[in-house]
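Numbering (the working numbering), first residue to last: 5 to 388. A short write-up of the structure that comes next.
Have a look at this one:
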């Protein structure tokens, strides 16, 4: 042994995973002078434009009522439709092992109730007969084909009033131009994740994240080039001692070490914290089975591996809203969003689908960004 390096507890990065929400953070405070002036100006603008509304309609409800005399014109007829109000079921925490602190699974969900495509996830293979597996696969393929031919179209139900069936949806005249608050009606558990929030309202969170990424990478490069005493030189042999490792993880690691080399990588600042990661992925040409949104997949990102149930969405350039996709379609890129530890792009990503004891490549792509404020809306177009 040439020398022994002991970590300095004062300079060690915190390995916190979840944010501890403040239950009083949502308490009402007295508005500032600027907020009062802005509210008064908004009221004046609303009074200028008079609209005929049903009796008893509140101002908030009026914002979602489409008037034929409105001057706003949709960019495309195909953008008209209804989108899911994410207040109740965006993003769900059922089965989210990251937020429950008992594993490494992650899920980003939108409420779904469409019978035509949003069928329940396939049952575990070991509890199903061959006939049931074939029926489930056939039903999934039919739903995938219907989504390709008639995207977002939903038949108006005959046995249930439409206002009840689509009570959680809002009517939008323009998917691209209609306003939507990304912080509206967020679930309480959403406070457990981390976000690179901006102090100045004029600065986008994405821009703030890019600045933090630049600073973190520059700091890591500086440590590599300094040749510090508390760093191990490249090419040196070292014995690594890690404390507080769960017994299950240690046992699995010892088993894997007998058959394959073990790779250890240091984490950059913030990379232990949970947030919402967005990946730009494309279905692999060798994988022909349908990949449904919220289906359990394995994300191999850089040196790390996450298990999650991604929500797929398309990406529009000139708007802050993105349309949820029920399936990952072949031949085009989609954005897959999951809860996972923060990573800094660009990172190559391989998406694997577990089939029994084995895993096969289902999609490939790269990490796009980390942004909990990215709006994903579920759109339906009523037919029939």
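Glycine residues also receive a C-beta, built at the ideal position from the N, C-alpha and C atoms. If you're wondering where the values come from, they're calculated on a predicted model, not measured in any experiment.
Short of 6 Å from the beta carbon of residue 300, and not among the five residues preceding or following it, lie these beta carbons of its own chain, in chain order: 313. Per the coordinates, the alpha-carbon of residue 262 lies some 11 Å from the alpha-carbon of residue 255. For residue 153, DSSP assigns no beta-bridge partner whatsoever. In the DSSP annotation of this structure, the continuous segment of the alpha helix (DSSP H) that includes residue 256 starts and ends at 251–261. Note on geometry: alpha-carbon atoms of residue 266 and residue 288 lie some 27 Å from one another.
Inter-segment contact for the segment 145–161 and the segment 321–334 is present: three or more beta-carbon pairs are separated by less than 8 Å. Counting C-beta atoms within 10 angstroms of its own C-beta, residue 292 has fewer than 16 neighbours from the protein chains shown and is therefore classed as exposed.
DSSP places residue 326 within a strand segment (E or B) once states are collapsed to three.
The segment 318–325 and the segment 340–348 do not touch, with fewer than three beta-carbon pairs separated by less than 8 Å. Here residue 268 carries a coil assignment [DSSP, helix/strand/coil].
The three-state reading of DSSP puts residue 43 in helix, counting H, G and I together.
Closest in C-alpha terms to residue 377, from the list 194, 150, 362 and 175, comes 194. In this structure residue 297 is in contact with residue 316, their Cβ atoms being roughly 5 Å apart against a cut-off of 8 Å.
Taking the Cα positions, residue 8 is about 29 Å away from residue 277.
For residue 18, same chain residues with a beta-carbon under 8 Å away, outside a window of 5 residues either side, are 276 in chain order. Per DSSP, the continuous alpha helix (DSSP H) segment holding residue 166 begins and ends at 166–169. For residue 279, the enclosing beta strand (DSSP E) covers residues 278–287. About 6 Å separates the beta carbons of residue 368 and residue 354, which is inside the 8 Å limit, making them a contact pair. A distance below 8 Å separates the beta carbons of residue 320 and residue 180.
For residue 295, no beta strand (DSSP E) run applies, since DSSP gives it neither H nor E.
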